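Everything below concerns the one structure shown next.
Residue numbers (my numbering): 147 to 207.
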């Protein structure tokens, strides 16, 4: 991302794909599509209209 990151907030969701789509529908900018990490967690990143970096992730097993 071109903006300085500053801070990040994270939200845990049982359905990251749905949360990611809802964020986009609400005006967020997609930075990373949801993807499953090697440790099994699904993670995506969006930037809110105010510039806040948001991580959407599934619970850790």
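Note that the Cβ used here is the ideal one computed from N, Cα and C, for glycine as well.
Quick caveat, the model's predicted, so the values are computed rather than measured.
Residue environment for residue 204: buried (at least 16 other C-beta atoms within 10 angstroms of its C-beta).
Under the three-state reduction of DSSP output, residue 165 falls in the helix class. Note: residue 199 is bridge-paired with 154, 193 in the DSSP secondary-structure output. Under the DSSP definition of a beta bridge, residue 188 partners with 182. Here the C-alpha atom of residue 197 lies approximately 25 Å from the C-alpha atom of residue 160.
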